[in-house]
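Mapping of the sequence shown onto my numbering: position 134 corresponds to residue 156, and the numbering continues sequentially without gaps. Note that CB positions come from ideal geometry on N, CA and C, so glycine has one too. Source: prediction; values computed, not measured. First up is the structure itself, then whatever we jot down about it.
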Amino acid sequence: MRNKIIPAALFGYFALMIVALLAMGFYWNNFQKPPEQPIKFPHDIHAGKLNLPCQNCHQYTDKSMRAGIPAMQVCMNCHKNAAIDRPEVQKLLKYWENKEPIPWVKIHGFRKNANVRFSHKRHIKAGVECTTCHGNMKVTKEVRRVVNLKMGFCVSCHRANAAPTDCWTCHK
Ligand code: HEC
Ligand code: HEC
Ligand code: HEC
Ligand code: HEC
Ligand code: HEC
Numbered sequence: 023m024r025n026k027i028i029p030a031a032l033f034g035y036f037a038l039m040i041v042a043l044l045a046m047g048f049y050w051n052n053f054q055k056p057p058e059q060p061i062k063f064p065h066d067i068h069a070g071k072l073n074l075p076c077q078n079c080h081q082y083t084d085k086s087m088r089a090g091i092p093a094m095q096v097c098m099n100c101h102k103n104a105a106i107d108r109p110e111v112q113k114l115l116k117y118w119e120n121k122e123p124i125p126w127v128k129i130h131g132f133r134k135n136a137n138v139r140f141s142h143k144r145h146i147k148a149g150v151e152c153t154t155c156h157g158n159m160k161v162t163k164e165v166r167r168v169v170n171l172k173m174g175f176c177v178s179c180h181r182a183n184a185a186p187t188d189c190w191t192c193h194k
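Here it is as structure tokens:
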């Protein structure tokens with residue numbers, strides 16, 4: 023009897039481990055999965071191929087807390103003429119004609135109850151690169167979270183750079 027219980031327990035243990043790993047994998051995949059955007063805006067074309075600086079569109083990264091999402095006017099500076107035959111650009115033209123703002127889905131952010139305060143300006147002025155927190159957007163087709171912006175990630179860099187680590191630096 024005894025020598026049957028041990029293998030059964032071992033089997034149970036490993037089966038549980040596998041289930042736990044699968045659940046973690048599932049969570050991770052969903053965490054990284056980009057949401058459906060109203061227009062498939064390709065960063066690889068604009069920031070990569072056309073080599074537009076990030077600040078052309080995200081104007082406030084070095085001036086304020088928020089990086090900012092560009093107004094449609096910024097797109098229309100080019101798309102009155104550029105690539106107007108493409109279906110995704112026609113969606114843009116439609117929003118423009120109807121004077122409707124594009125309902126972009128926000129991707130980065132913190133859990134609300136964590137009450138985190140974050141400022142782009144401080145980091146950009148300190149020379150931290152966009153890639154540190156957002157990955158390489160020059161090769162990105164669809165924006166997704168590639169860096170887990172959890173507390174340990176923030177605090178370990180603060181510690182390494184003698185930036186403040188008091189709780190109230192980041193929590194309101
Ligand atoms: C031509 C304009 C344009 C340029 C240039 C551009 N972006 Fe964007 N970016 C957008 C638009 C529009 C969105 C919102 C749509 C989306 O998320 O796909 C966006 C979204 C983002 C987001 C996600 C925001 C969120 O919801 O959390 C990040 C991060 C970002 N851009 C970083 C960059 C970086 C880094 C660069 C430079 C390497 C860059 N962008 C260059 C227009 C631009
Ligand atoms: C130290 C990490 C860090 C760096 C560096 C960083 N970001 Fe962000 N970014 C974030 C976080 C965190 C958020 C979500 C902020 C929130 O929701 O409060 C965010 C949000 C954004 C958004 C969504 C709109 C907004 O303003 O919230 C855009 C666009 C963006 N970042 C672009 C950029 C660009 C472009 C650069 C480089 C010039 C950059 N970020 C550098 C951490 C960073
Ligand atoms: C500096 C000029 C410029 C700006 C600003 C610009 N674009 Fe573009 N965009 C282009 C060009 C040029 C192409 C075609 C590039 C190619 O296919 O090689 C393009 C391609 C596209 C495509 C088509 C991708 C495809 O092939 O399906 C979409 C969608 C798009 N842009 C959306 C936007 C949006 C939304 C904005 C504003 C947030 C914007 N663009 C801002 C120049 C610009
Ligand atoms: C450098 C920035 C930073 C510092 C310093 C910091 N935190 Fe955080 N904290 C964060 C971020 C980012 C999160 C994650 C938010 C999320 O999950 O979206 C977080 C999450 C938390 C959470 C979880 C909140 C929840 O509802 O899930 C608690 C609790 C917390 N922090 C407490 C503290 C305490 C206590 C200190 C001081 C010892 C501290 N933090 C210092 C950035 C920071
Ligand atoms: C790559 C390194 C790095 C990462 C990652 C980073 N920070 Fe920072 N952070 C800094 C540095 C360096 C400063 C100090 C800048 C200065 O001296 O003005 C700073 C300053 C700050 C400040 C302003 C502190 C003050 O004096 O008021 C806040 C708030 C902050 N960070 C929050 C965060 C949060 C939240 C995250 C995670 C989402 C984060 N940081 C991730 C390097 C980093």
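Relative to the non-hydrogen atoms of ligand 2, the Cβ of ALA93 never comes closer than 7 Å to any of them. Nearest C-alpha to THR162 among ARG181, CYS97, GLY90 and PHE63: PHE63. For ASP66 and PHE132, the gap between their C-alpha atoms comes out near 26 Å. Judged by pairs of C-beta atoms under 8 Å, the region 24–41 does not touch the region 95–104, as fewer than three such pairs exist.
Within its own chain, the residues whose Cβ lies closer than 7 Å to the Cβ of CYS79, once the five positions on either side in sequence are excluded, are PRO92 and VAL96, listed in chain order. Here the distance from the Cβ of MET159 to the nearest heavy atom of ligand 1 is below 7 Å. In this structure, HIS142 lies away from ARG108, with their beta-carbon atoms at least 8 Å apart. DSSP lists no bridge partner for HIS65.
For TRP118, the CB contacts under 7 Å within the same chain, skipping 5 residues up- and downstream, are MET94 and MET98 in chain order.
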